[in-house]
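**Q**
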Amino acid sequence: MMLLLIVTSTINLEMPASLHRLVLAHATIAVVAAIVARLVNEPVSRRFNRLRPFELYGFRPLLCHDGGASFPSNHATGAFALSISMFAVPSYGPVLLVLAFLLAISRVYTGLHHVTDVLAGALHGLLFAVFFLTLYSVF
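Numbering (my numbering), first residue to last: 103 to 241.
Printed below as a string of structure tokens:
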């Protein structure tokens, strides 16, 4: 959903040219940061192979999901990489950040992740967003 919002924001024809360039640049950074963060995150979660709360405590989760590989949360990583990368764009960043927090909360609420899973994922996404934003500002 967040990715769709970012992509559609880049084709807003009524947007001033300067804002359109800013949105396009940050949307590109957001997508790259989210993809790279996910690629790095995947082997990390496989390495830790932490049990999900529903496996550990024996309850039925609200959503169907395979077990294992809970830490760090891939969803939180991607959501925070996207939202932080877009934060410099007025009216997009804050909305996307709220959506990222809601996604993280929902992953815990549904029993798919521990709080520390989504916190680590959020930090991971933040670090990749800051890295690519810094790289962009240098070049």
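Each residue gets a CB set at the ideal place from its N, CA and C atoms; glycine is no exception.
I need the straight-line Cα distance from Tyr194 to Met188, nearest angstrom please.
**A** C-alpha separation (whole angstroms): 7 Å.
**Q** What residue from Phe150, Arg148 and Ala183 has the CA that sits closest to Ala231's CA?
**A** Of Phe150, Arg148 and Ala183, the residue nearest in Cα terms is Ala183.
**Q** The alpha helix (DSSP H) with His215 in it runs from where to where?
**A** Taken as a continuous stretch (DSSP letters only), His215 belongs to no alpha helix (DSSP H), as it is neither H nor E.
**Q** Going by beta carbon distance, what residues of the same chain come within less than 8 Å of Leu124, once the five residues before and after it are set aside?
**A** Answer for Leu124: Ala190 and Val191, listed in chain order.
**Q** Within the continuous alpha helix (DSSP H) that includes Arg149, where are the two ends?
**A** Segment Ala119 to Phe150, the alpha helix (DSSP H) holding Arg149.
**Q** Buried or exposed for Ile207, please, with buried defined as at least 16 other CB atoms from any protein chain shown within 10 angstroms of its CB.
**A** Its Cβ having fewer than 16 others within 10 Å, Ile207 is exposed.
**Q** Excluding the five sequence neighbours on either side, which residues of its own chain have a C-beta within less than 8 Å of the C-beta of Phe234, listed in chain order?
**A** So the list reads Ile131, Val134, Ala135, Val138 and Ser187, once near-sequence residues are dropped.
**Q** Alpha helix (DSSP H) containing Leu184: first to last residue?
**A** Start and end: Asn176 to Ser187.
**Q** Please state whether the Cβ-Cβ distance between Ser185 and Leu204 is less than 8 Å.
**A** No, the pair does not count as a contact, with Cβ atoms beyond the cut-off.
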